[in-house]
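These notes are about the structure you will find just below.
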Amino acid sequence: MRKFTLSLIAVVAINAAPLGLPDLQIPEANPQTPQKVELGKMLFFDPRFSADGTISCATCHDPDKAFTDQLPVSVGINGKKGTRNAPTVINAAYFSSQFWDGRVPTLAEQAKFPPINPVEGGLHSWDEVVAKIKADPNYVKLFTKVFGITKDEIDIDHFGFAIEAFERTIIMGDSRFDRYYFKGEKDALSEREKRGFALFLGKGRCVECHTISQNYALFTNDKFHNLGVGWKKIKDDLASILKAYEQRDKLHEEEAVLLNEKFSELGRYVVTKEIDDIGAFKTPTLRNIELTFPYMHDGSLQTLEEVIVWYNNGGRLSPTDDRSSFIDGGIRELNLTGEEIEDLVAFLKTLTSQSLKKDKK
Amino acid sequence: MNRRDFLATSAKLTALAVLPMNIVEVAAAKESDTFTFAFISDAHLQHIKGTRFVQNWDKGLKMAVAQCNLLDPKPDFIIFGGDLAQLGKKEELDHGAQILSALRAPVKMMLGEHDYYLDLGENWQKMFGDPYYSFDHKGVHFVVLNSILVDEEWINKWPTPMDRMQTMAGLDDPNGSPFMVGSRQREWLKKDLAKYSDDTPIVIFSHSPLQKIYKGWNFWTEDCEEIYKIVKRFKKVNVIYGHVHQIQYNKIGNIAFNSVISTAWPWPYPDSYAKAKRVVPKMTIKMNRADPFFERDATGWQFIDVHSGRVDVNYILPNNKNRTVRYNFKKNRPEDKDFQNCPQPPQIHY
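Chains A and B are the protein sequences, given in the same order. Residue numbers for the first sequence follow this note's numbering, beginning at 1 and rising by one. Residue numbers for the second sequence follow this note's numbering, beginning at 1 and rising by one.
The structure is reproduced here in structure tokens:
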């Protein structure tokens, strides 16, 4: 226990949390070292971990695009498309689960999967990933040094651990909202943005899931909710989709779900097998939301205005559209006016980190 | 989705407890005696104005319907247990009929007091037919009773139908009146049952409990003992009721009782109320206190397995651990083996 505490202190010193974010908890299983971060960074940008040598983590999590690809769904090898929107890496280190359906608990686990996803990296197995590491003397040198292991001991978990270490450094707070809320700079927000914030906390009910804590704000409750997004794709034949899902290739669970547009819409259900998780996806953070368009798990909403309209109509774009029968209890019509929608959007744009603003110029 | 998946959570935790059930089925029942129907109840759809309804209640019923449609194989039939409307309005009944029309199995309807006390069931009967009837299904005789009647004097004492409706709609209104089945229906029941042998399994659906649980909240049927007499000669009688919006089960003589829950909201157990001492059926292991931050908690619907003339009630509880109240043939009563062994005792304070 004592050892654990000490390692935490050491890491906090490395990564002093930016304004508006809590200290990062570092699990003992994968302590943070500068060398590991450096190795993770190399891996993150290295396209060799894909079948045709064109796709790296950074392809879909591009630092110039706030660590997203700004596409509705990501494009992998040979122009192949997936079924879900690439979430930003920024602040992902704080989340209690990864992927839209939360099927893995850590970034280290998460990082192992895209290289072997047939429409992302397209490699056939983790053995191929490890073989590529071992074929590069520089990687061998770094892995053995960073993890204190022999060449033979290098495995896919080390690949994940290194990338996780790097991704833990991609944490960004310090937005105008943070200066307003946590530093008390009253002029950091305009009147319109302040009205938007009041709506965020009140009539808009956004804060119920996009949470703000006393000393920090992650803008996510880390839970899974059905917002009605994607309902159209499954509503007419849900019973037969579930029946077909039962027959899926259980040895290749990940592919079976993600490559089938309809199975993909089952969301959290494929993890828990609970019927009330059908169509439920993880609450994403709202930090830097201005830059991480398009929105929702399938990238189906282009603008923040559209997103607010979706919520305003109780989980649909138009008040005459059919609503999902599985919709989360908290999703209901909000009766926001056009003016209020604009205020809310203005507020959301105050959540962009200062560092990203500079990068953009 | 097959029925096992519906209960995946409980099955995962108690795979062993599921096994003896199967053995009982094989030993005591022919394949043809075993079937499943679904039970959705107490939707309480509430009209606001125009085309607007209270969304929370709408969503509860819609979710139950959508989930029920995922049962594979399909249930033999679906019974709606009454209180489709909140205040008996035609708009509410129409709206409810529309939502229920999405169900993909035959639907049978029951009347609740919320459907009745505005126009004394006129609209309801036009839409859904007789409020009491019976039918046979796979060797079981099913009886639907209208158990929410009260005496004429009470019915006629109100200045307006809406006054009457509002009074009956309140849980705790001292101006209400105890429910009963009434002599006319009891006579009908005697005749209806006359042609069946003593070993025919009987399932009675009633909206109110057919037990005297707590009069103050009308968890009550005044003439229930009369009904017990009528069904006394049958070896296996099961009563399934709505109205109470909570899980209850009991056994009185030859009659096993199971309640079903509401798609709209849960009621507290009556013994949480200071004036009502020890009035929950004694076998019942209560539900946990509902999480007020999750609108659907402690609501849901159920599918019911009938085998060997007895019923197992499977409660599908959104965002919660599903529960199954099974008939224990050894102890000869319903019990919730999984839940009563739950390490966390249910919370009783409301």
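All residues carry an ideal CB built from backbone N, CA and C; glycine is no exception.
Asked, Found
"Check whether the region 180-197 of chain B touches the region 156-172 of chain B, taking contact to mean three or more Cβ pairs, one atom from each stretch, closer than 8 Å.", "no"
"Report the CB separation of Asn-218(B) from Phe-257(B) in whole angstroms; it is logged as a contact under 8 Å.", "Actually they are not in contact, since the Cβ atoms of Asn-218(B) and Phe-257(B) sit about 16 Å apart, beyond 8 Å."
"Could you say which of Leu-189(B), Ile-316(B), Arg-289(B), Ile-252(B) lies nearest to Pro-266(B) if we only look at CA atoms?", "Arg-289(B)"
"Measure the C-alpha to C-alpha separation of Asp-62(A) and Ala-298(B) and round it to an integer number of angstroms.", "44 Å"
"Tell me whether Ala-85(B) sits in a helix, a strand or coil according to DSSP, three-state version.", "strand"
"Just to confirm, is the Cβ distance from Gly-279(A) to Asn-226(A) under 9 Å?", "yes"
"List the endpoints of the continuous beta strand (DSSP E) containing Phe-257(B).", "255-259"
"At a CB distance below 8 Å, what residues from the region 64-75 of chain B approach chain A? Give them in sequence order.", "Val-65, Ala-66, Gln-67, Asn-69, Leu-70, Asp-72"
"Check whether the region 118-125 of chain A touches the region 76-96 of chain A, taking contact to mean three or more Cβ pairs, one atom from each stretch, closer than 8 Å.", "yes"
"How would you list, in chain order, the residues of chain A whose beta-carbon sits under 7 Å from the beta-carbon of Asn-319(B)?", "Asp-276"
"Between the region 72-87 of chain A and chain B, which residues of the former have a C-beta closer than 9 Å to a C-beta of the latter?", "none"
"So, are the CB atoms of Ser-41(B) and Gly-81(B) less than 9 Å apart?", "yes"
"Exposed or buried, Pro-209(B), counting other C-beta atoms within 10 Å across all chains shown (16 or more means buried)?", "buried"
"Can you check DSSP and say which residues form a bridge with Met-180(B)?", "Leu-149(B)"
"Give the residues from the region 293-313 of chain B that approach chain A closer than 8 Å (Cβ to any Cβ), ordered along the chain.", "Phe-294, Glu-295, Arg-296"
"Expressed to the nearest angstrom, what Euclidean distance is found between the alpha-carbon atoms of Ser-125(A) and Val-207(A)?", "41 Å"
"I'd like to know if Ile-316(B) contacts chain A, where contact means its C-beta is closer than 9 Å to some C-beta of that chain.", "yes"
"Mind pulling the chain A residues with CB within less than 7 Å of Lys-59(B)?", "Ile-327, Gly-329"
"Taking the straight line between their C-alpha atoms, what separation do you get for Lys-230(A) and Glu-265(A)?", "With the sequence shown as reference, residue 230(A) is identified as Gly, and Lys is not the correct amino acid for it. Approximately 6 Å, taken between the alpha carbons."
"Which one or two residues does DSSP pair with Asp-305(B) in a beta bridge?", "Thr-36(B), Asp-312(B)"
"Evaluate the contact criterion for the region 91-107 of chain A versus the region 177-191 of chain A: three or more CB pairs, one atom per stretch, below 8 Å.", "no"
"Would you give the residue range spanned by the alpha helix (DSSP H) that Glu-193(A) belongs to?", "191-201"
"Closer than 7 Å by beta-carbon distance: list the chain A residues that pair up with Lys-62(B), in chain order.", "Ser-325"
"Less than 9 Å separating the beta-carbons of Ile-261(B) and Lys-286(B)?", "no"
"Thinking C-alpha only, which one of Tyr-249(B), Ala-102(B), Asp-173(B) is nearest Asn-332(B)?", "Tyr-249(B)"
"On the three-state DSSP scale, how would you describe Asn-238(B)?", "strand"
"Under a three-way DSSP split, which group does Pro-131(B) fall into?", "coil"
"Below 8 Å on the Cβ atoms is my guess for Leu-351(A) versus Leu-199(A); work out the distance and round it to an integer in Å.", "Not quite, the Cβ-Cβ distance comes to about 14 Å (not below 8 Å), so this is no contact."
"Roughly how many whole angstroms lie between the Cα atoms of Gln-302(B) and Ala-38(B)?", "6 Å"
"Check the Cβ-Cβ distances between Arg-164(B) and every residue of chain A, and say whether any is below 9 Å.", "no"
"Quick check on DSSP: helix, strand or coil for Lys-331(B)?", "coil"
"What residues from the region 228-255 of chain A come within 8 Å of chain B, judged by C-beta to C-beta, listed N to C?", "Leu-238, Ala-239, Leu-242, Lys-243, Glu-246"
"Just to make sure I have the definition right: I need the residues of chain B whose C-beta is within less than 7 Å of the C-beta of Arg-332(A). Which are they?", "Gln-55"
"Quick one: which chain B residues come within Cβ less than 8 Å of Gly-314(A)?", "Gln-55"
"Is Asp-127(A) helix, strand or coil by DSSP?", "helix"
"Do you know how far the Cα of Asp-64(A) is from the Cα of Pro-72(A)?", "17 Å"
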